[in-house]
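The next block holds one structure in the form of structure tokens; read it before the comments.
Number of protein chains: 2
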Amino acid sequence: MTPRRRTKSLRSSGQERQASIITAAASLFAAKGFQGTTTREIAKTAGISEALVFKHFPTKRALYAAILAEKASFSELLATVEESARKRDDMRVFTMLAGYRIRRATDPTMLRLLLFSALERHEISDMFFQNQHRIFYDYLAGYIERRISEGAFRNVDPLLAARAFIGMVVHHRLLHEIFGVPAHRSPEDTVDTYVTLFLEGLRAQPSGAKKQRLTPG
Amino acid sequence: MTPRRRTKSLRSSGQERQASIITAAASLFAAKGFQGTTTREIAKTAGISEALVFKHFPTKRALYAAILAEKASFSELLATVEESARKRDDMRVFTMLAGYRIRRATDPTMLRLLLFSALERHEISDMFFQNQHRIFYDYLAGYIERRISEGAFRNVDPLLAARAFIGMVVHHRLLHEIFGVPAHRSPEDTVDTYVTLFLEGLRAQPSGAKKQRLTPG
DNA sequence: ACTCGGTGAGTGAGTGGTTACTTACCAAAT
DNA sequence: ATTTGGTAAGTAACCACTCACTCACCGAGT
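Residue numbers (numbering that gives the first Met the number 0), protein chains in the order written: chain A, 0 to 216; chain B, 0 to 216.
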């Protein structure tokens with residue numbers, strides 16, 4: 000029996016392969032950084048030979064740039080859709096998208112990629128970073144300015160407030176996901192708490208463990 | 000026994016050399032990470048041959064561990080002195096030391112070392128990290144609990160509040176010193192503002208540029 | 001229905017350069 | 001004379017990247 004195109008082909012198309020290389024490389028770069036990842040490892044993770052990686056990307060650095068560019072352009076797309084929702088005054092969609100973007104941008108893999116690229120000072124990373132964080136600033140700018148116009152947050156400097164908020168969220172993720180400090184709440188819960196804490200003027204839930212030690216462990 | 004040197008010797012003592020290697024290596028590791036730094040570079044920066052580096056430290060990793068251990072033990076020392084000042088109720092010394100420790104721990108070189116060691120997941124970095132952050136938690140724990148007992152910050156969860164504050168400070172440093180986003184105030188000013196902002200319940204200076212755009216640049 | 005040649009997917013076995021680390025030896029200080 | 005600070009010149013392993021080559025697939029000609 001000579002089966003024809005019945006099951007999956009033995010060879011992938013160029014686009015499929017390119018995507019699988021990017022996926023493999025992204026997780027490795029996020030885990031070990033650019034310098035810490037070898038092209039041999041990338042090939043092994045993608046299940047192909049090292050030579051094929053270089054058929055798709057001229058250099059290791061070009062592959063890295065492609066990954067960051069892809070992530071950045073997806074963020075850009077989300078921002079555009081979100082902006083149009085805001086203009087249509089569709090607050091349900093806007094809030095949902097903004098929430099998704101915040102969760103995505105504070106996702107451990109994204110954070111590790113972001114931090115590594117920033118620390119290792121790749122030229123490409125500037126754009127990536129600016130894109131990732133403009134999201135937050137724009138989102139919070141809108142929210143805070145709206146609330147201020149409603150009479151809330153008297154005497155609050157919006158830029159400082161936005162930065163403070165981002166600081167809380169990012170730092171929580173750093174602590175919990177990257178540095179491995181155990182969280183005393185679920186991530187979702189904590190981000191929500193931070194939002195409340197920040198936006199309502201540092202009034203946290205009264206249910207908090209007041210006598211808790213501040214040093215974890 | 001005590002060798003008194005009239006003129007500068009052509010050769011350094013073991014301890015002097017060891018210190019100079021650590022200094023050179025620390026700045027390189029902070030700038031490029033463990034993987035990104037070569038032992039040749041370290042030797043060149045310290046102004047000696049590569050072989051001599053290995054006379055003082057058996058492996059590159061051991062040198063790295065020594066750097067983190069040194070930083071951590073200095074922090075520990077500061078914490079001890081500070082604790083004794085607190086017990087003596089010497090608030091002037093306590094506040095001064097605590098301020099110094101916060102400034103030191105948010106210093107760009109320390110932050111880069113910390114972030115790199117955490118991202119690259121060296122076993123040694125755990126201790127280093129725990130030490131660096133216990134500083135904040137303990138300092139803030141004391142402050143916040145004191146203020147709560149005075150009737151301030153009703154319904155505030157101290158752990159969350161401490162984390163939020165650290166988030167603000169660390170994120171500001173990340174933005175400004177590592178990611179290169181221009182600060183709209185001086186670093187010292189901003190840290191102080193964060194302290195005020197946090198401790199007084201998000202009431203920032205009314206002098207703030209209220210109509211400022213939130214996106215820098 | 002079958003062959004055959006063109007094309008792109010895919011690889012094993014390198015290449016030169018770099019890395020962490022070593023060896024064998026030297027010179028200054030005591 | 002011995003110890004200690006110091007080096008030039010290695011070495012084996014590993015790195016990003018290349019080369020020469022094979023194989024799978026498809027469609028045109030018969």
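Idealized CB from N, CA, C, for every residue including glycine.
Beta-carbon neighbours of residue i, restricted to chain B and to distances below 8 angstroms
i, result
"E119(A)", "K31, G32, G35"
"R111(A)", "L118"
Rounded separation between residue i and residue j - CA only
i, j, result
"A71(A)", "L110(B)", "25 angstroms"
"A218(A)", "S48(A)", "No answer is possible for residue 218(A): the residues shown for chain A start at 0 and end at 216."
"S26(A)", "M90(B)", "49 angstroms"
"V52(B)", "R60(B)", "12 angstroms"
"G200(A)", "T79(A)", "Confidence at G200(A) is low in this model, with a pLDDT of 34, below 50, so the placement of that residue is unreliable and no value is reported for it."
"A18(B)", "T36(B)", "18 angstroms"
"A64(A)", "E15(A)", "18 angstroms"
"R39(A)", "S83(B)", "54 angstroms"
"E122(A)", "K86(A)", "34 angstroms"
"L96(A)", "E69(A)", "19 angstroms"
"S116(B)", "L77(A)", "33 angstroms"
"R10(B)", "D106(B)", "33 angstroms"
"T195(B)", "F73(B)", "Any answer about T195(B) is weak, because its pLDDT of 43 lies below 50 and its placement is not dependable; what the coordinates show is given next. Taking the straight line joining both Cα atoms gives about 28 angstroms."
"Q34(B)", "P57(B)", "17 angstroms"
"R280(B)", "D88(A)", "Because chain B in this structure spans residues 0 to 216, residue 280(B) falls outside the shown range and cannot be described."
"S120(A)", "T108(A)", "Here residue 120(A) is Arg; the residue named in the question, Ser, does not match the sequence. Going from the Cα of R120(A) to the Cα of T108(A) covers about 18 angstroms."
"R103(B)", "R103(A)", "32 angstroms"
Residue-chain proximity (residue i, chain A), Cβ-Cβ < 8 angstroms
i, result
"F93(B)", "no"
"F178(B)", "With a pLDDT of only 47 at F178(B), under 50, the local geometry of the prediction cannot be trusted, and the value read off the model is given with reservation. Closer than 8 angstroms: yes."
"L114(B)", "yes"
"R16(B)", "no"
Short Cβ contact (8 angstroms threshold) for residue i with residue j
i, j, result
"E81(B)", "F93(B)", "yes"
"A45(A)", "I20(A)", "yes"
"L114(A)", "L118(B)", "yes"
"G98(B)", "G32(A)", "no"
"A24(A)", "L112(A)", "no"
Given residue i as reference, the closest of the options once Cα atoms are compared
i, options, result
"H55(B)", "E122(B), S12(B), L96(B)", "S12(B)"
"L62(B)", "T108(B), R100(B), T22(B), R103(B)", "T22(B)"
Cβ-heavy atom distance, residue i to the ligand GTP, below 7 angstroms
i, result
"A24(B)", "Summarising the ligand content, the structure contains no ligands, and the ligand GTP is consequently not present."
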